[in-house]
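First up is the structure itself, then whatever we jot down about it.
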Amino acid sequence: MAQLQQNSIFQFFETLLRGLGNVVFQNNALSGLIIIVGIAISSWTASVDFLIGAAIATLVAKWFRADKHAVKQGMFAFSGGYVGLLMGVLLDKEVPFFTGEWLLLLLLGGILAVPLTSGLGFAFSKLNISATALPILLLLWAILAGVLYTNLPQNSVAPQVLATGKSAVYTWETFVYGILNGFGQIFMQVNPITGALILLGIFLNSRIGGLMALLGGGTAVFLAWALGYDEPVVQQGVIAFNSILTAIGLGGFFLVFNGRSLVYALIGSLLALWVFLVMAVLLNPLGLPALSIGFVLVTALMMLGAQTYDFVQPIPLEQLSKPEDHMS
Amino acid sequence: MAQLQQNSIFQFFETLLRGLGNVVFQNNALSGLIIIVGIAISSWTASVDFLIGAAIATLVAKWFRADKHAVKQGMFAFSGGYVGLLMGVLLDKEVPFFTGEWLLLLLLGGILAVPLTSGLGFAFSKLNISATALPILLLLWAILAGVLYTNLPQNSVAPQVLATGKSAVYTWETFVYGILNGFGQIFMQVNPITGALILLGIFLNSRIGGLMALLGGGTAVFLAWALGYDEPVVQQGVIAFNSILTAIGLGGFFLVFNGRSLVYALIGSLLALWVFLVMAVLLNPLGLPALSIGFVLVTALMMLGAQTYDFVQPIPLEQLSKPEDHMS
Amino acid sequence: MAQLQQNSIFQFFETLLRGLGNVVFQNNALSGLIIIVGIAISSWTASVDFLIGAAIATLVAKWFRADKHAVKQGMFAFSGGYVGLLMGVLLDKEVPFFTGEWLLLLLLGGILAVPLTSGLGFAFSKLNISATALPILLLLWAILAGVLYTNLPQNSVAPQVLATGKSAVYTWETFVYGILNGFGQIFMQVNPITGALILLGIFLNSRIGGLMALLGGGTAVFLAWALGYDEPVVQQGVIAFNSILTAIGLGGFFLVFNGRSLVYALIGSLLALWVFLVMAVLLNPLGLPALSIGFVLVTALMMLGAQTYDFVQPIPLEQLSKPEDHMS
Numbered sequence: 299m300a301q302l303q304q305n306s307i308f309q310f311f312e313t314l315l316r317g318l319g320n321v322v323f324q325n326n327a328l329s330g331l332i333i334i335v336g337i338a339i340s341s342w343t344a345s346v347d348f349l350i351g352a353a354i355a356t357l358v359a360k361w362f363r364a365d366k367h368a369v370k371q372g373m374f375a376f377s378g379g380y381v382g383l384l385m386g387v388l389l390d391k392e393v394p395f396f397t398g399e400w401l402l403l404l405l406l407g408g409i410l411a412v413p414l415t416s417g418l419g420f421a422f423s424k425l426n427i428s429a430t431a432l433p434i435l436l437l438l439w440a441i442l443a444g445v446l447y448t449n450l451p452q453n454s455v456a457p458q459v460l461a462t463g464k465s466a467v468y469t470w471e472t473f474v475y476g477i478l479n480g481f482g483q484i485f486m487q488v489n490p491i492t493g494a495l496i497l498l499g500i501f502l503n504s505r506i507g508g509l510m511a512l513l514g515g516g517t518a519v520f521l522a523w524a525l526g527y528d529e530p531v532v533q534q535g536v537i538a539f540n541s542i543l544t545a546i547g548l549g550g551f552f553l554v555f556n557g558r559s560l561v562y563a564l565i566g567s568l569l570a571l572w573v574f575l576v577m578a579v580l581l582n583p584l585g586l587p588a589l590s591i592g593f594v595l596v597t598a599l600m601m602l603g604a605q606t607y608d609f610v611q612p613i614p615l616e617q618l619s620k621p622e623d624h625m626s
Numbered sequence: 299m300a301q302l303q304q305n306s307i308f309q310f311f312e313t314l315l316r317g318l319g320n321v322v323f324q325n326n327a328l329s330g331l332i333i334i335v336g337i338a339i340s341s342w343t344a345s346v347d348f349l350i351g352a353a354i355a356t357l358v359a360k361w362f363r364a365d366k367h368a369v370k371q372g373m374f375a376f377s378g379g380y381v382g383l384l385m386g387v388l389l390d391k392e393v394p395f396f397t398g399e400w401l402l403l404l405l406l407g408g409i410l411a412v413p414l415t416s417g418l419g420f421a422f423s424k425l426n427i428s429a430t431a432l433p434i435l436l437l438l439w440a441i442l443a444g445v446l447y448t449n450l451p452q453n454s455v456a457p458q459v460l461a462t463g464k465s466a467v468y469t470w471e472t473f474v475y476g477i478l479n480g481f482g483q484i485f486m487q488v489n490p491i492t493g494a495l496i497l498l499g500i501f502l503n504s505r506i507g508g509l510m511a512l513l514g515g516g517t518a519v520f521l522a523w524a525l526g527y528d529e530p531v532v533q534q535g536v537i538a539f540n541s542i543l544t545a546i547g548l549g550g551f552f553l554v555f556n557g558r559s560l561v562y563a564l565i566g567s568l569l570a571l572w573v574f575l576v577m578a579v580l581l582n583p584l585g586l587p588a589l590s591i592g593f594v595l596v597t598a599l600m601m602l603g604a605q606t607y608d609f610v611q612p613i614p615l616e617q618l619s620k621p622e623d624h625m626s
Numbered sequence: 299m300a301q302l303q304q305n306s307i308f309q310f311f312e313t314l315l316r317g318l319g320n321v322v323f324q325n326n327a328l329s330g331l332i333i334i335v336g337i338a339i340s341s342w343t344a345s346v347d348f349l350i351g352a353a354i355a356t357l358v359a360k361w362f363r364a365d366k367h368a369v370k371q372g373m374f375a376f377s378g379g380y381v382g383l384l385m386g387v388l389l390d391k392e393v394p395f396f397t398g399e400w401l402l403l404l405l406l407g408g409i410l411a412v413p414l415t416s417g418l419g420f421a422f423s424k425l426n427i428s429a430t431a432l433p434i435l436l437l438l439w440a441i442l443a444g445v446l447y448t449n450l451p452q453n454s455v456a457p458q459v460l461a462t463g464k465s466a467v468y469t470w471e472t473f474v475y476g477i478l479n480g481f482g483q484i485f486m487q488v489n490p491i492t493g494a495l496i497l498l499g500i501f502l503n504s505r506i507g508g509l510m511a512l513l514g515g516g517t518a519v520f521l522a523w524a525l526g527y528d529e530p531v532v533q534q535g536v537i538a539f540n541s542i543l544t545a546i547g548l549g550g551f552f553l554v555f556n557g558r559s560l561v562y563a564l565i566g567s568l569l570a571l572w573v574f575l576v577m578a579v580l581l582n583p584l585g586l587p588a589l590s591i592g593f594v595l596v597t598a599l600m601m602l603g604a605q606t607y608d609f610v611q612p613i614p615l616e617q618l619s620k621p622e623d624h625m626s
C-alpha cells in the first residue's frame, strides 16, 4: 500500500478524485471514488468526461508550474473535470461522445479552465474569498453559447426549472427523492442511488458536511412545499441542489461551525434557492442553464459580509480543510 | 429631551430616519424626518414601506453583530428602507400593500440587503470608494425580474424616460418643476411639494449639499433644454435626479469642497445624466427601471479616477460626514 | 532638432503619436507616425478622428492634473484617440464627419475616456494587471448603444464575423492578406498597405513585438484554415487581429520574453480568437461589435493566472516598456 501511494500514476488518480470531492467541498480521494461510482451508475460517459477533463487541466497546471500543493489537492482537477462533465451532459446530442469534436471541446475546456481558475482565484483571494465554481460556470456558458448559437440558434440546454403548471401532490417521496436527487443534480444526474452515494461520500469525510447538506436541501424542499411549488420539479432535485452546496460551504467549511454559522448557512441556503430561480428566469431566454450560480453568488456575498460581522468567524483561505478541523 | 434620547425606541427611529437622510447623503435624523413627511404627502404607503424595510434590515444587521457605529448611523436602514420603498412603488399593482406577499417581499428585501450592503461595501472599500446605491439597485432588479417574469412575462415597470415625440414648449415651470420633481424622483414620487421638502431636508444639514443639488439638477435641465429634449419627461424630474445625487456626492461629500471639485462634480452630473439615459435604453427591453444607476456608476468611476488626479482631494471613507466638516 | 523637441506643440504631437503606438503596445512616436500615415491611406477621416479624440483626452487629463509621466507617455491620448477613431468609423453614416453632432460625440468620448481610463486602471492595478483596451470598449459600447437604439432600433454596427456559408478556397492570399488585414482591423481598416505600415511601426520599436504579432496572427489564420472557417471572413483580417494583440501583449510586453512566454502567448492567441468569436455571437443580437474584447479578456485572465505560475515571469506594471528591455 505504501508502495502504491508512491506510484505516480496512483498519485495522479488520487488528485483527480480529490478534485471530484472538491465539487462538494470534500478534499478526500475516497469520497471522490464513491462519488465517481455514483455518477457512473447514472451515466458512465459523464464519469469519463470528468476524469479526462480533470486530467487535462491537471497536466496543463503542472506544465505551467502552478502551486504544487494546489495541483496535488485537485484544484485544477476540480475545474477541468467539472467543466468537462457538465459540457458532456449538456451537449451530448450536439457533440457525441468520443468524437473528434468532443475531444476538442474537452481540450479547450481543460486548458482554459487553468488560467481562469488561477486568475479568478487570485482576484477573489484579494477579498479573502473563494471563487468556488464561478470559473467553471463562466467557462461553461461561453462554450455553450459558442456551440449552441453558432450551430443551432433556436437551441436551448436550459433544463426545466420553472413552474410548469402540472403540479402534483407532495408525498414522502417528494422529500426523499427531492433531496437525494439534489445531490445528483450537482452533476446533472437524476438518480436517487447516485445521490445517495454522493451523500455517503460527503459523510465519509465530514459528518458536519453531510448533516449541513441534508439540512440545506431539506429546508429548500420544505420551503417549496410551503409555497406550493410544482411537485415534479422539486422531485427532480432542482430545488435542493444550490441550497445543499451553500449549506455545506457556509456551515463549517468557510466559517467556524457553531449554532450561529448554522443559522447563517440556512439563511444562505434559502437565498441561494431564490437567486438560482431568478437567474434561471434571466438565463432562460438565452437558452443557458443557471446551474449552481445561486450557490456561487450567495456564498461569495455572504462570505464578503461575514468579514464585517462578529456573528460568524471566517476561516482563513489557506487553512480551509473540513469543519471538524476548526471546531473551537 | 435628554431622557428621550436615551430611550431605545427613540434611538431606533433616529437610526431609521438617518438611513433615509443617507439616501441624499445627509446623515441627519431631522433631515430624514422632513423627507419622510415629504414622501408621505405624496404616498403614505411609500413612507411606510421605507420604515418597515429599514427596520427589518437594521434588526438583521444588529443580529449579525455588524459594526455598531455603522448600524446606528443608518447604513442598513438606508439599504433595507430604500429597497422596500422602491419595491413598494414599482410593484404596487402586482403585490398590493399590506398583503402576505407584500410582507414576504419586504422581509426578503430587508434581509438580503444586509449581506449585500456589507459585502459590496467591503469589496468597494478595498478601492477606497463607496458602493452608494449599487447594492440596492442590484437587489431591486433581481426581485423585480423574479416577480415580473415569473408572473407576467409581458410586464414592465420601466417608467417612460425616453423621447416620446410629444414635445411641448419649455417654460419657467419646466425648470422649477423639473428640478423639484428631480428630488421627488429619488423616491419615485412626482410631487413638487415632496421635492421641496427633500431639498429643505438637505439644506438643513448642509448648505453646500443643497446648493450642489440645485446646481446639478439645474445643469441637467439646462442641457435637456439646449438639446431640445421632450419637455414632459423633463418636467417629471426624470432628467434631473441622477445629476442631483451626483452633484451632492462629488461636490463636497466624497471630495473636499472647492472650486475644482465643484467643476468636477458638474462634469460628473452631465455624465450621470448620459449614462442614465444609455442604461434606460439598455434596460428598457428587460422591463427594468434604470433608477439611479447613472449616479452610481459615474460616482464610482470618478472617485476611482479622483485618487489618481491632483485636481481634487478625496476624503477618506472613514471620515465621510458633510462638506462643511472638510473645508480647508 | 533639440530645439524642436523643446517646442511644446511638438511635444504635444509626440504625445498623441505615442498614444497611437500604445494601441499596439509600442510607446514610440515614430511608430505612431508611421501608423497614422498607414491609417490615413485607408481613411483620412479616421486618422483625424484619432488625433482630435487623443488631443481632447490629453488636455482633460492635464487639466485634472493626472500623473504627468502617464499623460506624456500618451496613456490618455491612447484612450481618447482610440475611442474617437472607432466611433468615427462605426457611426460614419449616423453621425457624418465634421458636423456639430460629430464634435459633440468626440468631446463626450474624449472627456469620459479620462476618468474611465484612470478609474479602471487604478482598480486593475490592485491586481497588478493592466486594463488594456477595456475602458475604450466599455465606453464605445455605451456610446453606440445610446446613438443606435435611440435613433434607429433596428440598426446594427456589428461587422460580419460569423460564418456566412459562402466559403471559398484558401490560397496564399488568404494567409498574407488575412494577417496584414489583421493589423488594419485593429483600427477597423481593411487595407493590406495600412496593415503593412502598422507592422512596420511595430518592428521599428521592437523586433520581438513584430515577430510575436506575425506568429500570433499566423497561428490564428492557420487554425481557421485547419477548421475550414469561411475564407472571405479570414481574408478580411477579422480572425487575426485579436490574436495579434494578445501575442504582442503576452509575448514580451507583460511577461519576460523567453521560450515559455512565447508558448504562453500563443496559447493566449488561440483563446483570444475563440473568446472573440463567442463574444461576437453574444453581442450580435445587440448590434454591437466585439472588437478586441477577446484580446482584453484573455490577456487580463492570463496575466492574473501568470502571477500564480512559475512558468512565466510578469514584468511589474511600472516597468513596462518593450520586450528588449527585459531580456535576462
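Residue numbers (my numbering), protein chains in the order written: chain A, 299 to 626; chain B, 299 to 626; chain C, 299 to 626. Where is the CB? At the ideal position from N, CA and C, for every residue including glycine.
I'd like the span of the alpha helix (DSSP H) that includes residue i, first residue to last.
i, result
"B:Ile427", "Taken as a continuous stretch (DSSP letters only), B:Ile427 belongs to no alpha helix (DSSP H), as it is neither H nor E."
"A:Lys391", "Looking at the DSSP string, A:Lys391 is not in any alpha helix (DSSP H), and its letter there is neither H nor E."
"A:Thr606", "Neither: A:Thr606 is in no alpha helix (DSSP H) and is coded neither H nor E."
"A:Glu529", "529-533"
"A:Thr343", "342-361"
"B:Thr492", "490-503"
"C:Gln483", "470-483"
"C:Phe539", "539-546"
"C:Leu580", "557-581"
Tell me, please, whether the CB atom of residue i is closer than 8 angstroms to any CB atom in chain C?
i, result
"A:Gly444", "yes"
"B:Val576", "yes"
"B:Gln605", "yes"
"B:Leu255", "As displayed, chain B neither begins before 299 nor continues past 626, which places residue 255 of chain B out of reach and without an answer."
"B:Val573", "yes"
"B:Leu569", "yes"
Any beta carbon from chain A within less than 8 angstroms of residue i's own beta carbon?
i, result
"B:Ala375", "no"
"B:Ala440", "yes"
"C:Val532", "no"
"C:Asp608", "yes"
"C:Ile565", "yes"
"C:Val579", "yes"
"C:Leu602", "yes"
"B:Gln617", "no"
Could you tell me whether any Cβ in chain B is nearer than 8 angstroms to the Cβ of residue i?
i, result
"C:Leu450", "Note on C:Leu450: pLDDT 44, under 50, position unreliable in the model; the coordinate value appears next. Not one chain B Cβ lies under 8 angstroms of C:Leu450."
Compile a chain-ordered list of the residues in the stretch 412-428 of chain C whose CB is closer than 9 angstroms to at least one CB of chain B.
-> From the stretch 412-428 of chain C, only Val412, Pro413, Leu414, Thr415, Ser416, Gly417, Leu418, Gly419, Phe420, Ala421, Lys424 have a Cβ closer than 9 angstroms to chain B.
Original post:
At a Cβ cut of 8 angstroms, what residues of the stretch 391-411 of chain C count as close to chain B, listed as they run along the chain?
Top reply: Result list: Leu406, Ile409, Leu410.
The stretch 335-365 of chain B: which residues have C-beta closer than 8 angstroms to a C-beta of chain A, in chain order?
-> Residues passing the 8 angstroms Cβ filter: Trp361, Phe362, Arg363, Ala364, Asp365.
Problem set entry | Contact the stretch 494-508 of chain B vs the stretch 522-540 of chain B: 3+ CB pairs below 8 angstroms | The stretch 494-508 of chain B makes no contact with the stretch 522-540 of chain B, as fewer than three CB pairs between them are under 8 angstroms.
For this session: Specify whether the stretch 402-409 of chain C and the stretch 351-359 of chain C touch according to this definition: at least 3 beta carbon pairs, one from each stretch, less than 8 angstroms apart.
Result: Cβ pair count under 8 angstroms is three or more, so yes.
**Prompt:** If you scan the stretch 313-340 of chain B from start to end, which runs of the alpha helix (DSSP H) of 4 or more residues do you find wholly inside it?
**Reply:** List check, alpha helix (DSSP H) in window: 327-340.
| message | With a threshold of 8 angstroms, are at least 3 pairs of Cβ atoms found where one atom belongs to the stretch 548-563 of chain A and the other to the stretch 582-589 of chain A? | response | Here the stretch 548-563 of chain A makes no contact with the stretch 582-589 of chain A; the two share fewer than three CB pairs at distances below 8 angstroms.
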